[in-house]
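What follows is one structure encoded as structure tokens, with my remarks underneath.
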Amino acid sequence: MSANLDPIIYPIFFPRGDAGWHEQLEHHPDQATRVRNRVTLSQYYNYRLSVRETFNPIFYGKKLFQQYAVDAYVKIEGQRLAFIRNNQNRLRSEQYDTLYEHVNNAANNLNVRPGRVVILPSSYVGSPRALKENFEDAMAIIKRYGKPDLFITFTCNPKWKEITENLNPGKSPSDRPDLVCRVFKMKLKCFLDDIFKHGVLGKVISHVQKQQSLISAEIPDQTVDPELFEIIKTCMIHGPCGILNPNSSCMKDGICTKKFPKEFNPHTVATFNGYPHYRHLDNGRVVVIKGNQGHDCAHVLINESLDHDEINTYLDCRFVSAPEALWRIFEYSISDMSHTIIRLQVHLPDNQRVYFNEGEERVAIDRAAQRNTHLTAWFKLNAEINEARQYSYVEIPYHFVFDGKNCKWKVRQRGSDKVIVRMYKVNLTSEVFFLRLLLLHVKGAMSFEDLRTIHGTVFNTFREVCYRLGLLQDDIEWRNTLTEAVATRMPKQIRQLFSIILTLCEPDDPLHLWNTFKDYMIEDYIHHSMPVVLAEQTALRQIESIINQSGKTLTDYNLPTLDQLLDNVLENDDGDIQVFIDEANRVRPLLNDNQRNVADAILAAISEEPNNENKHSRFFFMDGPADCGKTFTYNYLIAETRSRHIRTATAAWTGIAATLLKNGCTLHGLFKLPVPILETSTCNVTPNSIHGRFLRQVSLYLLDEASMIPKHALSAIDKLLQDICNNKFPFGGKVILIGGDFRQILPVVKRGRPAAVVESYRRKGIFQWLLKLGSGTLPVKPEDPLQGCIEIPEQCFLNDNESIVEKIFSGAEEADYTKRAILTPTNVDSLAINEEVLHRLPGDVKTYLSSDSIETDDHNEIYNFPVEFLNTLTPSGMPVHCLKLKIGAVIMLLRNLDLKGGLCNGTRLMVRALHNNYIDGEVLTGVSAGNRVFVPRVQLAPSDSNLPFTLKRRQFPVRLAYSMTINKSQGQTFDK
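Per my numbering, residue 45 is the first one in the sequence shown, and the count goes up by one each step.
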């Protein structure tokens, strides 16, 4: 680079032609060091742009100054990138081998010569690789400490007095970007010091009651605090959007995605895992907004090319402004973290990462062979120190420090609270990926062979070990599950297990599984002298009756079909009508007056054909608190209608309530409701389908748990029945009995305020029911600013040193554990309590690990969410990654496995045996109590979550059931 470049381009800044930077420019003798005595380009421009008492024409250049700053930084960046481009041979390492292989494969596919591969390493600040490393470091912090509590943006205000007071007359802040950068840097440092050193926001998260002292969303009084009013008016007003500006960038489907305008709120209210609702008083103050600022937008045209030049790609998408140029020239940091991130190496035996110059491979290999890596040093540490064997590879840095000079781990003396550990990411299809999976879970390994060993058996590859531990997904698992189950000689349970595998596990070849294990599934029929062909048909019929509940048939799985039509399966299995006649005659005298009146009204309505006169009198609602006999009335109506050959369909919102009804199912299963249910949702049933014909032939629908049913679900059912019955009568003219207890809970609305929860229900006036229990009205504190809270009696609270687990389960016999439960509002609390109760139970713990992934074809998206991060997630309705169980433990199903068999979401089981591929449990609740069931691992995905991706988890669909959410407890009965 010529020293005359700057004076030629900017003669007004250098009127005497002063020489600029050149490669031989040296430091002043007092500043020179033994390592470096020449001035770098960055140091030169930093010197040029320093503020001194002498006149500097550059600071008076206005826009020319901005151009000079940008040119200066572009030179610095260009020089660094040129060095990287010209020294690609020094970047050769195992890390980039897969990249070279990818380019070569692409060239072969196109029948052309491979182009040049130019790598921009992660050591270059601001490069895509560096940003990805920073992202992974941030994800490592989130993995350990959870999602951030505060997301703070700190924006420079060009009207700060520190900026305006130092401007020369006639100058604007844009004329001095250097001044803007320096002031912003100082204020940012003071702000961070206030948070991290002086504890302005507290050392830990603030209590909810104190949040409004930190944050409020209101316009201040202009007369009391004019400066703050002007700041809020200038910098903190959203919009305009909505009907005033429907084209605003925040608008989607006619609604502001930021939920503006916000409702007035007297106090700040926050919930776990929900958006906070800041204090927003109706103080009558308004601000007039004259316009809106459009969002920045850039279009990048991507052209496919065989060459892989990361430097050109980086430069082609680069935009440098004067403030950024000066920020980088001044060498201010563009990222920072509170913790030290330790990045652990992962490599196969004798395949550690080695950096080398071309032609010096042998020297590099010999040097690497004499030095331990993080991983090999961990093996050596476990062999020498027993205490270290209790930790996995990713846990060891919290207790030991790696001595880079001697390549060994030493006991950590301090600072473990400021350390975060993560492993480097690797190719998802390579053997080293499976090694990485094992290093996340295996403790105390002393060699690579130890990692390939399970219970004394040494496997050939790390992949095989991952499969054995359940960390990977493979169709072989279902064959292993059935192989393990057939040893029990329980054909009915094996048929049920096979049905569950079909509906929830998505096996690749169901017919092969049937042919392999059908002899074990028909063993009980053969034992009763049934012909083989008939035994197979009977077994298939039972299998089909289970998979029908998921809307599937045998043909969907390429299994042998039955001789009879599916219509016979969907019809009510009336069996011996006399049984139902006897049941109805036995129960009717036991009905009280209210129950008898309900039954008579329902039966009378069924006997009438729907018409315009009675179309509004065929919808019945039965209300009553728990244990008042609602289910007793339902079951009487079922027996009475079936004895009269009247088709009746029974359903409840939750599976656990459905098991209390004869032939009960969920509303989702009966009407094929979608998930989630929206205002525009429709049922997935066509009028001429088999299921549509079945619904048309039903005369009475019994729907339980009315308080849980969202209004959009009832609306979808109404439209469906009108469609299949081809009329406009409410619910197609069918007789509907809907019942429930509104003294319990309303539907769940994600992050919804109380008003939104009530709005989601079909009756807005039901809010008053929530404030009434029994015959009385709970008092509301008149001074309560939240307008709706009630005072909880002191006897409901525990002392600070008292454990709720000790309070409920203290002194309980093992059999009593099944009759007690702790209810919590959130899943997080219930998971923690369940772990504590499990620790109190006798016996050994068996651990089951899940296989986690995300549903996407984008490999970049997969790399953004490493497996160890996915393992930490437990969305609502999902099992945990690390499932710990004991024989005798009480568990709860998290999915509907077989509704007719009493296995639904919420069913409680007692663990009788823990096998590698299935759990043997005994049903504790419902009409199937006492039955044994085999529960396999299944493929799971949350129906609704706050995640930006779809999590796929293969795990046993169960949780410990000593503590559960209030929603899950609906329909359950406990002694305490």
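Glycine is no exception: its CB is placed at the ideal position from the N, C-alpha and C atoms. Please read these numbers as outputs of a predicted model, since none were measured by experiment.
Distance from the CA atom of residue 117 to the CA atom of residue 186, rounded to whole angstroms, is 34 Å. Comparing C-alpha distances from residue 851 to each of 875, 880, 872, 870 shows the shortest one belongs to 880.
Here residue 484 is actually not in contact with residue 180; their C-beta atoms are around 15 Å apart, not less than 8 Å. Within the segment 205-233, complete alpha helix (DSSP H) segments of at least 4 residues are found at 205-208, given in chain order. Looking at the DSSP output, residue 957 shares a beta bridge with 964. According to DSSP, residue pairing for residue 379 in a beta bridge does not occur. If you draw a straight line from the Cα of residue 1003 to the Cα of residue 888, it is about 17 Å long. Looking from the CA of residue 644, the closest CA among 660, 771, 677 belongs to 677.
From the listed residues 303, 592, 57, the smallest Cα separation to residue 945 is found for 592. Judged by beta-carbon spacing, residue 480 lies beyond the 8 Å limit of residue 465, meaning their Cβ atoms are not closer than that value. The shortest C-alpha to C-alpha distance from residue 783 to any of 767, 188, 705 is the one to 705. Per the Cβ contact rule, the segment 993-1001 is in contact with the segment 924-931 (3 or more Cβ pairs under 8 Å).
Residue 853 carries a helical assignment under DSSP once its states are collapsed to helix, strand and coil. For residue 537, no pairing in a beta bridge is given by DSSP. Residue state for residue 745 is assigned as strand, using DSSP reduced to three classes. Only residues of its own chain outside the window of five on either side were considered, and among them 432, 433, 488, 490 have a CB closer than 6 Å to the CB of residue 426, listed in chain order. When only Cα atoms are considered, residue 540 and residue 942 end up about 8 Å apart. The continuous stretches of beta strand (DSSP E) do not include residue 523, which lies in the alpha helix (DSSP H) extending over residues 520-530. In this structure residue 224 is in contact with residue 207, their Cβ atoms being roughly 6 Å apart against a cut-off of 8 Å. Taking every protein chain shown into account, the CB of residue 555 has fewer than 16 other CB atoms within 10 angstroms, so this residue is exposed. Of the candidates 529, 91, 547, 638, 547 places its Cα closest to the Cα of residue 588. DSSP, read as helix, strand or coil, puts residue 947 in strand. Partner residues in the beta bridge of residue 983, as assigned by DSSP, are 998. Residue 122 places its beta carbon 8 Å or farther from that of residue 112. Annotation: the continuous beta strand (DSSP E) that includes residue 693 extends over 692-696.
Residue 120: member of the alpha helix (DSSP H) spanning 107-130, first to last residue.
Note on residue 416: 16 or more other CB atoms within 10 angstroms of its CB, so buried under the neighbour-count rule. Across the set 872, 910, 366, 857, the C-alpha of 857 shows the shortest separation from the C-alpha of residue 885.
The beta carbon of residue 285 is closer than 7 Å to those of 292, 294, 295, 300, 304 in its chain, skipping five residues each way along the sequence.
Contact between the segment 893-900 and the segment 868-876 is absent: fewer than three C-beta pairs spanning the two stretches fall below 8 Å. Beyond the five residues adjoining it in sequence on each side, residue 560 comes within less than 8 Å, by CB distance, of 523, 526 in the same chain, given in chain order. In this structure the segment 224-234 touches the segment 363-372; the number of beta carbon pairs closer than 8 Å is three or more. Following the DSSP letters along the chain, one finds residue 65 in no alpha helix (DSSP H), marked with neither H nor E.
Three or more Cβ pairs drawn from the segment 733-744 and the segment 771-779 lie within less than 8 Å of each other, which places the two stretches in contact. For the pair residue 199 and residue 115, the Cα-to-Cα distance works out to about 25 Å. A distance below 8 Å between beta-carbons, with the five flanking residues on each side excluded, links residue 462 to the following residues of its chain, in chain order: 382, 383, 384.
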